[in-house]
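A.B. asks: Below are the structure tokens for one structure; questions will follow.
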Amino acid sequence: MADGNDGQRFDRLPATDAERTVDGRATREAVVDYFADRFGIPPETFDEYTFWEKGAGKIWIYRGEAPTPLEIEAIGMTCLRTRQEHWKPTTDFVQRVGSHATECVIDLDREQARRFAAGEDQTLEWWDGDWGYLIAAHEIAGESEAIGVGLYVHGELRSMVPKGRQRDLEP
Amino acid sequence: MEPLERYRPIIDDFDAFLAACERPLGNAVRVNTIKASVERTLAALDEAGVDYDQADWNPRVLTLETDSPGSTWTSFHGFTHGQEEVSAVPPVVLDPQPGDRVWDCCAAPGGKATQIAALMDDRGTVVANDNNLGRISALRFNAERLGATSLAVTNADARNYSLERFDFDAFDRTLVDAPCSCEGTIRKNPDALDNWSEGHISSVAGIQKGIIRRAIQATREGGTVVYSTCTFAPEENEAVVQHALDNESCRVVDFDLDLAHAPGLTAWNGESFDERLERAARIYPHQNDTGGFFVAKLEVTA
Numbered sequence: 001m002a003d004g005n006d007g008q009r010f011d012r013l014p015a016t017d018a019e020r021t022v023d024g025r026a027t028r029e030a031v032v033d034y035f036a037d038r039f040g041i042p043p044e045t046f047d048e049y050t051f052w053e054k055g056a057g058k059i060w061i062y063r064g065e066a067p068t069p070l071e072i073e074a075i076g077m078t079c080l081r082t083r084q085e086h087w088k089p090t091t092d093f094v095q096r097v098g099s100h101a102t103e104c105v106i107d108l109d110r111e112q113a114r115r116f117a118a119g120e121d122q123t124l125e126w127w128d129g130d131w132g133y134l135i136a137a138h139e140i141a142g143e144s145e146a147i148g149v150g151l152y153v154h155g156e157l158r159s160m161v162p163k164g165r166q167r168d169l170e171p
Numbered sequence: 001m002e003p004l005e006r007y008r009p010i011i012d013d014f015d016a017f018l019a020a021c022e023r024p025l026g027n028a029v030r031v032n033t034i035k036a037s038v039e040r041t042l043a044a045l046d047e048a049g050v051d052y053d054q055a056d057w058n059p060r061v062l063t064l065e066t067d068s069p070g071s072t073w074t075s076f077h078g079f080t081h082g083q084e085e086v087s088a089v090p091p092v093v094l095d096p097q098p099g100d101r102v103w104d105c106c107a108a109p110g111g112k113a114t115q116i117a118a119l120m121d122d123r124g125t126v127v128a129n130d131n132n133l134g135r136i137s138a139l140r141f142n143a144e145r146l147g148a149t150s151l152a153v154t155n156a157d158a159r160n161y162s163l164e165r166f167d168f169d170a171f172d173r174t175l176v177d178a179p180c181s182c183e184g185t186i187r188k189n190p191d192a193l194d195n196w197s198e199g200h201i202s203s204v205a206g207i208q209k210g211i212i213r214r215a216i217q218a219t220r221e222g223g224t225v226v227y228s229t230c231t232f233a234p235e236e237n238e239a240v241v242q243h244a245l246d247n248e249s250c251r252v253v254d255f256d257l258d259l260a261h262a263p264g265l266t267a268w269n270g271e272s273f274d275e276r277l278e279r280a281a282r283i284y285p286h287q288n289d290t291g292g293f294f295v296a297k298l299e300v301t302a
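Protein chains in written order, with full-length UniProt numbering: chain A, 1 to 171; chain B, 1 to 302.
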């Protein structure tokens, strides 16, 4: 369609399906619902934020002022990959809001956390929750803290931490 | 160290200054309060057995006793960000408030822009601009790791920066952390003085003058512009601020800084500057065992 997605600029997500003008574009409602349904993150967490698409399916979360559309390098941070069967949150976004999550959070011990941050896949057959994208967390200074996104399938947790963010950390 | 001899007449205890410039710097980090409180960060470092010193002037600035500050859990989680102690000064002087519109016109690699966002509780608009597309990738990486959602990143020359891309027509506060000859980074970059020349200083000063003028024009009346460099050369510091005073509507104002420093100069090489430039701060390496820095605070008056 003429008014299609333009990979060179930021377009604010429509509030709901009724306001959508670009095919396949996620809505704010769908994004907030996804975080609530999948991870139990309360929708009001995002009250002060706007969501944007730049590049096919790449969703950005922003808290400042900006007109739409906007041709700049970045606004806020990338938070979610849409336009695919299973939406996938980003490592940095999960670290930013992970403390609000109550579901699909897999708690790792020290050695498992170290391996996850290094980008390693590991067999964790004790997990009896949902398959798919999970928030991997560990305890640091007495509280749970999100490390990043993992893909859990067939008893294995695959680290989705991007190469540039992987680190060899002390156990 | 030869180029630094020209500063013998203006620096107290010049031998201590030279000796400090020869010593390498410690591993300073800033606590990123967007991700974790200072208390939680210190507890995480304690838990990991990493020793630290907290700066007297700023509880969010730490020196870590480790050879690899980037390989700690606090770094991985974005609780800490490697940033030289004096480099944390300009955002504090800028004193941004939640909800402000702030422009960091030479922002890459983003340590100060993300510090500004943190000081605003990540509420408001921080436009982080840089003219170098390669350095913008480092800025974006740091902004995402530190979780700064109030940042908008632009790639333009600050000297003729257009506000047309936004819905507002002026910033509340602007930081000009100008490209400079970097003399004050000698402790971190031992080759910082290798290509030193008065000609280079003169050409960089021309760019700095263009940037500070546009910064003042893009800031609202009553707003704040902070000008900083990591160099000692008065041609790039007081003379640039003087150029702004001569050509734009602004005045130099006071600020508090609980870090030892010398006042700005009112004369250099036969040229004299506005007396209020004494309110600027020259931070020398031997005063606080840091890198070198210059900071001036301006109020926009029209």
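Ideal Cβ placement from N, Cα and C applies to all residues, glycine included.
(1) Go ahead and label A/Gly4 buried or exposed: buried means 16 or more other beta carbons lie within 10 angstroms of its beta carbon, across all protein chains shown.
(2) Is A/Tyr62 close to chain B? Criterion is C-beta to C-beta, closer than 9 angstroms.
(3) From B/Val126, B/Arg101, B/Glu144, pick the residue whose C-alpha is nearest to that of B/His81; which is it?
(4) How many angstroms separate the CA atom of B/Gly70 from the CA atom of A/Arg20?
(5) With DSSP collapsed to three states, give me the class of B/Gln54.
(6) Leaving out five residues on either side along the sequence, give the residues of the same chain with a beta carbon under 8 angstroms from the beta carbon of A/Arg158.
(7) Could I get the ranges of all uninterrupted beta strand (DSSP E) runs contained in the segment 256-294 of chain B, with 3 residues as the minimum, in chain order?
(8) Since B/Val92 and B/Asn58 should fall inside the 8 angstroms C-beta cutoff, what is the C-beta to C-beta distance between them, to a whole number of angstroms?
(9) For B/Thr290, is the classification buried or exposed, using 16 other Cβ atoms within 10 angstroms of its Cβ as the cut-off for buried?
(10) At a CB-CB cut-off below 7 angstroms, which residues of chain A make contact with B/Ala107?
(11) Unbroken alpha helix (DSSP H) runs of length 4 or more, entirely within the segment 49-99 of chain A: which are they?
(12) Excluding the five sequence neighbours on either side, which residues of its own chain have a C-beta within less than 7 angstroms of the C-beta of B/Pro24, listed in chain order?
(13) Just mark A/Asp74 as buried or exposed, buried being the case when its beta carbon has 16 or more other beta carbons within 10 Å.
(14) Measure the C-alpha to C-alpha separation of B/Thr301 and B/Glu248 and round it to an integer number of angstroms.
(15) Say whether chain A places a C-beta atom closer than 9 angstroms to the C-beta of B/Glu65.
(16) Tell me, please, whether the CB atom of B/Phe232 is closer than 9 angstroms to any CB atom in chain A?
(17) Going straight from the alpha carbon of A/Thr90 to that of A/Trp60, what length do you get?
(18) Answer yes or no: the CB of B/Ile283 versus the heavy atoms of the ligand ATP, is any distance below 8 angstroms?
(19) For the pair the segment 100-116 of chain B and the segment 135-151 of chain B, tell me if three or more CB-CB distances fall below 8 angstroms.
(20) Taking Cβ to Cβ, would you say B/Thr174 is nearer than 9 angstroms to B/Ala205?
(21) Just by C-beta distance, which residues in the segment 25-57 of chain A are closer than 8 angstroms to chain B?
(22) Go ahead and label B/Gln287 buried or exposed: buried means 16 or more other beta carbons lie within 10 angstroms of its beta carbon, across all protein chains shown.
(23) Just to confirm the assignment: which complete alpha helix (DSSP H) runs, minimum length 4, are found wholly within the segment 158-225 of chain B?
(24) Are residue 303 of chain B and B/Gly99 touching if we call contact CB-CB under 9 angstroms?
(25) Quick one: using the 10 Å Cβ neighbour count with 16 as the cut-off for buried, is A/Lys163 buried or exposed?
(26) Using 10 angstroms around the beta-carbon of B/Asn195, count the other beta-carbons present and answer buried if the total reaches 16, otherwise exposed.
(27) Hey, out of B/Ala192, B/Val240, B/Asp167, whose CA is closest to B/Ala215's CA?
(28) Residues in the same chain with beta-carbon distance under 6 angstroms from B/Asn155, minus the five sequence neighbours each way, listed in chain order, please.
(29) Along the segment 128-158 of chain A, where does the CB come closer than 8 angstroms to a CB of chain B? Name the residues.
(30) By a C-beta neighbour count over all protein chains shown, 10 Å radius and 16 as the cutoff for buried, is A/Trp131 buried or exposed?
(31) Count Cβ pairs between the segment 139-146 of chain A and the segment 11-30 of chain B that sit closer than 8 angstroms; are there 3 or more?
(32) Tell me the residue span of the alpha helix (DSSP H) that contains A/Tyr152.
(33) B/Arg214 CB to nearest chain A CB: under 9 angstroms?
(34) Identify which residue in B/Asp12, B/Glu5, B/Glu278, B/Leu62 has its Cα closest to the Cα of B/Asn27.
(35) Name the residue from A/Arg167, A/Glu143, A/Arg9, A/Ser144 whose alpha carbon lies nearest to the alpha carbon of A/Thr68.
(36) What is the residue span of the alpha helix (DSSP H) that A/Glu29 lies within?
C.D. replies: Reading from the atomic positions:
(1) exposed
(2) With 9 angstroms as the cut-off, A/Tyr62 counts as an interface residue toward chain B.
(3) Looking from the CA of B/His81, the closest CA among B/Val126, B/Arg101, B/Glu144 belongs to B/Glu144.
(4) 43 angstroms
(5) When DSSP states are grouped into helix, strand and coil, B/Gln54 belongs to the strand group.
(6) Asp121, Gly150, Leu151, Tyr152
(7) 281-283
(8) 7 angstroms
(9) buried
(10) Near B/Ala107 there are no residues of chain A at all, since even the closest Cβ is about 11 angstroms away, more than 7 angstroms.
(11) Entirely contained in the segment 49-99 of chain A, the alpha helix (DSSP H) runs reaching 4 residues are, in chain order, 91-97.
(12) Arg187
(13) Note that residue 74 of chain A is Ala in the sequence shown here, rather than Asp. Residue environment: A/Ala74 is assigned as buried (16 or more neighbouring CB atoms within 10 Å of its CB, all protein chains considered).
(14) Distance between the alpha carbons of B/Thr301 and B/Glu248 is about 9 angstroms.
(15) no
(16) no
(17) 10 angstroms
(18) With respect to the ligand ATP, the structure shown offers nothing to examine, as it has no ligands at all.
(19) yes
(20) no
(21) Glu48, Tyr49
(22) The residue in question, B/Gln287, is buried, as its Cβ has 16 or more Cβ neighbours within 10 Å.
(23) 198-217
(24) With chain B running from 1 to 302 in the structure shown, residue 303 of chain B is simply not present.
(25) With fewer than 16 other Cβ atoms within 10 Å, it is exposed.
(26) exposed
(27) B/Val240
(28) Leu133, Ile136
(29) Ile140, Ala141, Gly142, Glu143, Glu145, Ile147
(30) exposed
(31) no
(32) It is not in any alpha helix (DSSP H) - A/Tyr152 instead sits in the beta strand (DSSP E) that spans 143-153.
(33) no
(34) B/Leu62
(35) A/Arg9
(36) 28-39
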